[in-house]
Every structure is written in structure tokens, then in C-alpha cells.
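Counting from 1, position 199 in the sequence shown corresponds to residue 229 in the numbering used here; the numbering is continuous, with no gaps.
Every residue, glycine too, gets a C-beta built ideally from N, C-alpha and C.
Remember, predicted model here, so these are calculated numbers, not experimental data.
Reading through the C-alpha cells given below for one structure.
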Amino acid sequence: MSEEIKLTSETIELLHKRVSVRKYSDEPVPQEMIDAVLSAAFRAPTSSNIQAYSVVVVRDQDIKDELSVLTGNQRWVAQTPVFLAFCADLRGMEGALERHEHDLDNNNLEIGLVSSIDATLVGMSAYLAAESVGLQGLMIGGVRNDTKSVAKALGLPSKVYCVFGMCLGFPGEVPKLKPRMAFDHMVHHDQYDADKLHAGLDAYDKALADHYRSLGRETTDASWTDDIDSKFAEPRRDDLREALKDLGFDFR
Ligand SMILES: Cc1cc2nc3c(=O)[nH]c(=O)nc-3n(C[C@H](O)[C@H](O)[C@H](O)COP(=O)(O)O)c2cc1C
31 MSEEIKLTSE TIELLHKRVS VRKYSDEPVP QEMIDAVLSA AFRAPTSSNI
81 QAYSVVVVRD QDIKDELSVL TGNQRWVAQT PVFLAFCADL RGMEGALERH
131 EHDLDNNNLE IGLVSSIDAT LVGMSAYLAA ESVGLQGLMI GGVRNDTKSV
181 AKALGLPSKV YCVFGMCLGF PGEVPKLKPR MAFDHMVHHD QYDADKLHAG
231 LDAYDKALAD HYRSLGRETT DASWTDDIDS KFAEPRRDDL REALKDLGFD
281 FR
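Structure representation (C-alpha cells):
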């Protein structure tokens, strides 16, 4: 289906070329570029115009080294020229409530979700804006391995947490595009078609196994389903809810 799609645009082409980049050149990234990327990203929509996000731009090597360890010794976090921490941030909303003698101490799942979604939409917008000016990188969910220590490393006050990070730089090495699940597996028309699940998984297992083998990487024939099972059969980051509560987000 997707092969038959002819309509394109600069943005569509940019999206079709996007890939996570983990090696960066030594070329410095001008702050003007980061500012241009972020100011464009801040045009992203936010729920009820709450704009419940903030971004910490990290260039300090000691902080990047610390974040590299906290995210599970991810070396690209230490090597990236710029690390952006996209945060859910309730402080603006709370400041507004305080003017009316209210607070956000009693916040719930809805507030946690909308602020995390706001931060995510801004992050993805920044990612694409960065690609449009020649920067590449990747998102880092590893910040949630130890959410409280990451908050401390970034000096985040209460009611701010880092949803994900982003490495950004001029690319040193751009990997081959990773295949996606088939278009028809992901898209439903008018009614969700639950019957196509397993044929889609079989096809993707094969596509991903072929991809990894073409790179000389070992994998099983059931590449994706085996990987997902090994990562998610047991709950991950099971202490996250308590950690977020301590940071002022009560996902109840
Ligand atoms: C929210 C989010 C968090 C991610 N966290 C990490 C991470 O901590 N480390 C990493 O190497 N890649 C991370 N990735 C990158 C994914 O592994 C990558 O997007 C996925 O394997 C697909 O590959 P591609 O982006 O090259 O197409 C993350 C991606 C997203 C969207």
C-alpha cells in the first residue's frame, strides 16, 4: 500500500528519511540553531493551551557524563554535542492557580498525561525541525531508568520531570533505515480489523530479521516478537509511579 503512495512534500520526504543517529561529528552545534529549532517546536499544540513543558539544554560535559551513566551507560549521551531534556512542567499552571489561592498538589492521571503529551509533541516537533537544518540524533527514554536522579542532575524543581531526552548533533554515521510494520497492518478503515494481527507480526519478524542480518547482526527468525517478549514479559521500571509521585506527579 505505502509503495503505491505517490504524493510527497519536503516534510513527507524528511519523515521518510528519519532514522535514529547515535554517532555525531565534531562540528559544533551553534546555539542559534538550537534556539531556532526550539522556538519552532513551541508552536506545537498543547491541551487547553496549558503549555505544561520546559526544555533543559545540556552542553556541560560533566552533566552529560552523569546522564550517560543514569540512562544505562549510553555512550552517545556523553558524546552528543547537545542533549535536550524534554520535561513535563506543572509550574506555570500552578503559578496561575496560586493567584487564586489554589494549588496542584492534588493532581491526577489526567494532569500527568496531558503534560507528558505536551512535552512529547514539542519534542517530536523539535526533532523534525532539527532534521530540517541538518542535525540528527535520537530520543532517550533511558532518563526514566532513574527519574529522580535525572531530575537532580538537571536541577529540576518539584512538579517538573524529564519525560525523555534527545541527543542532537551533526551526523557522524547515519545507519540504514529500520523497516516498519506494514502500512496495512497499522491502518484500519472505519472499523478496527483485529484479524490481521498475526499475519502482520509474522511479516514484520521476517522484515526485521532480514534487516539485522543485512547489517551482519545476529538475530532470531522471530526477531521483533522475541525482542519484545524479552524486554516486556516482566514489568519494566516498576518503581516509576512512586518516583513520579515524589517529583509531584500523582498518576492516580
Ligand atoms: C520515546 C523514545 C525513547 C527512546 N529511548 C532510547 C534510548 O534510551 N536509547 C536508544 O538508544 N534509543 C532510544 N530510542 C530510539 C528507538 O530505539 C528507535 O527509535 C527505534 O528502535 C526505531 O529505530 P529508528 O528510530 O532508527 O527508526 C527511543 C525512541 C523513543 C521514541
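Indicate, with yes or no, if ligand 1 has a heavy atom lying under 7 Å from the CB of residue i.
i, result
"lysine 47", "no"
"phenylalanine 116", "no"
"threonine 101", "yes"
"isoleucine 283", "In this structure the chain extends from 31 to 282, so residue 283 is not present and cannot be described."
"arginine 52", "yes"
"phenylalanine 194", "yes"
"lysine 208", "yes"
"leucine 168", "yes"
"glycine 278", "no"
"glutamine 61", "no"
"glycine 171", "yes"
Measuring only the C-alpha atoms, how far is residue i from residue j?
i, j, result
"aspartate 56", "phenylalanine 116", "24 Å"
"glutamate 124", "glutamate 161", "34 Å"
"alanine 148", "aspartate 92", "Before going further, note that residue 148 is aspartate rather than alanine in the sequence given. One C-alpha to the other measures close to 29 Å."
"tyrosine 234", "aspartate 225", "16 Å"
"glycine 230", "methionine 211", "7 Å"
"arginine 247", "lysine 208", "13 Å"
"lysine 236", "arginine 243", "10 Å"
"glutamate 34", "valine 193", "36 Å"
"leucine 238", "tryptophan 254", "7 Å"
"leucine 151", "aspartate 256", "30 Å"
"threonine 110", "phenylalanine 279", "29 Å"
"leucine 45", "alanine 156", "13 Å"
"arginine 52", "histidine 218", "34 Å"
"aspartate 135", "aspartate 268", "23 Å"
"aspartate 133", "arginine 121", "10 Å"
"lysine 189", "asparagine 175", "18 Å"
"glutamine 166", "phenylalanine 200", "6 Å"
"tyrosine 222", "aspartate 232", "19 Å"
Can you name the start and end residues of the beta strand (DSSP E) that residue i belongs to?
i, result
"glutamine 109", "Careful: glutamine 109 lies outside any beta strand (DSSP E), inside the alpha helix (DSSP H) at 105-109."
"valine 99", "First-last for valine 99: 91-100, but that is the alpha helix (DSSP H), not the beta strand (DSSP E)."
"isoleucine 170", "166-170"
"aspartate 119", "112-119"
"tyrosine 83", "83-88"
"valine 163", "Segment: none, valine 163 is in no beta strand (DSSP E) and carries neither H nor E."
"glutamate 43", "Run containing glutamate 43: none in the beta strand (DSSP E); it sits in the alpha helix (DSSP H), 40-47."
"methionine 216", "From DSSP, methionine 216 is part of no beta strand (DSSP E) but of the alpha helix (DSSP H) over 213-216."
"valine 180", "Per DSSP, valine 180 belongs to no beta strand (DSSP E); it is in the alpha helix (DSSP H), 177-183."
"proline 190", "The identity of residue 190 in the sequence shown is valine, whereas the question assumes proline. 190-199 is the extent of the beta strand (DSSP E) around valine 190."
What first and last residue would you give for the alpha helix (DSSP H) that runs through residue i?
i, result
"tyrosine 283", "Since the first and last residues shown for the chain are 31 and 282, residue 283 lies out of range."
"arginine 271", "270-276"
"aspartate 256", "253-262"
"serine 69", "61-71"
Starting from the C-beta of residue i, find all residues in its chain whose C-beta is less than 6 Å away, skip the five residues before and the five after it, and write them out in chain order.
i, result
"alanine 159", "Val67, Ala70 and Ala71"
"asparagine 137", "Asp280"
Tell me which residues share the same chain as residue i and place their Cβ nearer than 7 Å to its Cβ, disregarding the 5 neighbours each side in the sequence.
i, result
"serine 98", "Gln104, Arg105, Val107 and Ala108"
"arginine 48", "Glu161"
Less than 7 Å separating the Cβ of residue i from some heavy atom of ligand 3?
i, result
"glutamine 104", "Among the ligands modelled here, namely ligand 1, ligand 3 does not occur."
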